[in-house]
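A.B. asks:
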Amino acid sequence: MRIALAGLATSHPYTDARTLARHAELVVWEQDEERLRRFTQEHPSAKVAGSLPELLAAEPDGVVLTVPNPQAPDALRAVLETGAPVFMNKPAAATRAQLDALDRLEITDRVLSSSVLRFAPAFTAARVDPDEVLAVRATVRHDVGLWATGYNPWQDTPGAGGGTMVTMGIHGVELLVALLGPAVRLAGAAGAVRHYEGLRSEDTGVMALRWDSGVTGTVEIIGVSDSEAYTVTVHTRDGSRDIVIEGGDDVLKGLGYEGTVEAFLAMVGGAPSPVPWAQTRAILGVLVDAREAVPAR
9 MRIALAGLAT SHPYTDARTL ARHAELVVWE QDEERLRRFT QEHPSAKVAG
59 SLPELLAAEP DGVVLTVPNP QAPDALRAVL ETGAPVFMNK PAAATRAQLD
109 ALDRLEITDR VLSSSVLRFA PAFTAARVDP DEVLAVRATV RHDVGLWATG
159 YNPWQDTPGA GGGTMVTMGI HGVELLVALL GPAVRLAGAA GAVRHYEGLR
209 SEDTGVMALR WDSGVTGTVE IIGVSDSEAY TVTVHTRDGS RDIVIEGGDD
259 VLKGLGYEGT VEAFLAMVGG APSPVPWAQT RAILGVLVDA REAVPAR
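Now the structure itself:
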């Protein structure tokens, strides 16, 4: 089996590769020489392609796509033309223009794009009856201080990678849509810088959501944190229940990285994406609306 890693723009494909390397031959393309060097040091047997067309010409059985958001629509178009299943690392779009460009593509059930948390064991094991839910809350604790040092500036730029509201907010919105479905809209959003003054975006944020069923939801984004953890609180008539997702002793398993790769490999074997594009599109719509509701700094 041959898996292509089309871009190494974030930390995720490095993590994905540690699981994929146990199952497949890796072929990689990346525009930044330093990021590519880091990857090949860890995976010296990986074959290196000089361009995206060269990578796709190797006829991979599946593609993990991770390029800067402004390049994502064109890169996805090229991958779709091969017919290979693709896992597109989150977020698939961060701005209105990017989302509109994705909407012009014919995206099939051979495309998976998701927060890895959807596949975390603590979340997949949870059982929630949507008819009993009164309200929900997702709390995302993930430090963004690295961006304040100038690392990957495009991610922290609202008009390129969406900043904290999008890149970290997707984890909370993803989990709530996974529980309650895609019939959701943004009711309001706010963001602020409470600690990392060097950011282009925000280090704290909040979104208010409303489903067509009448259920309301909140996504809290805490980008100043000594630990990484994610909590979904489900409120029902009987009380409140927390679903807590943490890395624990095995981060790849605990945070859903392994589960995501397993889902992708099932697609390579012929299965459809386990996440309908309608859900992904709804998540991206909420995130773009939230980004537009919070002025850039």
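Just add 8 to the spot in the sequence shown (first one is 1) and you have our numbering.
A virtual CB, placed ideally from N, CA and C, is assigned to each residue, including glycine.
Please read these numbers as outputs of a predicted model, since none were measured by experiment.
Is there contact here, the stretch 34-46 with the stretch 16-26, by at least three beta-carbon pairs under 8 Å?
C.D. replies: They touch, by the three-pair rule.
A.B. asks: Please report the straight-line C-alpha distance between T90 and L194, rounded to a whole angstrom.
C.D. replies: In the sequence shown, counting from the first residue as 1, residue 90 sits at position 82. In the sequence shown, counting from the first residue as 1, residue 194 sits at position 186. Cα to Cα, the separation comes out at about 35 Å.
A.B. asks: So, with DSSP's three-state summary, where would you put D250?
C.D. replies: In the sequence shown, the residue the question calls residue 250 occupies position 242. Residue state, collapsed to three classes: strand.
A.B. asks: State the DSSP-derived secondary structure class of M9, mapped to helix, strand or coil.
C.D. replies: By 1-based counting over the sequence shown, the position of residue 9 is 1. Three-state result, M9: coil.
A.B. asks: Against chain C, does Y265 count as a neighbour if the rule is that its beta carbon must be under 8 Å from one of theirs?
C.D. replies: Among the protein chains of the structure shown there is no chain C, as only one such chain exists.
A.B. asks: From the DSSP output, in three-state form, read off M176 for me.
C.D. replies: Taking the sequence shown and counting its residues from 1, one reaches residue 176 at position 168. If DSSP states are grouped into helix, strand and coil, M176 belongs with coil.
A.B. asks: Is any non-hydrogen atom of the ligand SAM found closer than 7 Å to the C-beta of G293, if you look at the structure I gave you?
C.D. replies: By its list of ligands, the structure shown contains no ligand whatsoever, and the ligand SAM lies outside what it can speak to.
A.B. asks: Following the continuous alpha helix (DSSP H) through L232, name the residue where it begins and the one where it ends.
C.D. replies: Within the sequence shown, residue 232 is the residue found at index 224, counting from 1. Residue identity check: residue 232 is Val in the sequence provided, not Leu. That residue, V232, is in no alpha helix (DSSP H); it is neither H nor E in DSSP.
A.B. asks: Taking the alpha-carbon positions, what's the E38 to R126 distance?
C.D. replies: For this step, residue 38 is matched to residue 30 along the sequence shown. For this step, residue 126 is matched to residue 118 along the sequence shown. C-alpha separation (whole angstroms): 27 Å.
A.B. asks: How would you label G278, buried or exposed, when you count the other beta carbons within 10 angstroms and need 16 or more for buried?
C.D. replies: For the purposes of this step, residue 278 is taken as the residue at position 270 of the sequence shown. Exposed is the call here.
A.B. asks: Under a Cβ-count criterion, where at least 16 other Cβ atoms within 10 Å of its own Cβ denotes burial, should R145 be classed as buried or exposed?
C.D. replies: Counted from its first residue, the sequence shown places residue 145 at position 137. Result: buried.
A.B. asks: Classify P303 as buried or exposed, calling it buried when 16 or more other Cβ atoms lie within 10 Å of its own Cβ.
C.D. replies: To locate residue 303, count along the sequence shown from 1; it is residue 295. It is exposed - the Cβ of P303 has fewer than 16 other Cβ atoms within 10 Å.
A.B. asks: Along the chain, where does the beta strand (DSSP E) containing L73 start, and where does it finish?
C.D. replies: As a working note, residue 73 is residue 65 in the sequence shown. Taken as a continuous stretch (DSSP letters only), the beta strand (DSSP E) holding L73 covers G70 to L73.
A.B. asks: Within 10 angstroms of the Cβ of A197, are there 16 or more other Cβ atoms? Answer buried if so, exposed if not.
C.D. replies: Locating residue 197 in the sequence shown gives position 189, where the first residue counts as 1. Buried.
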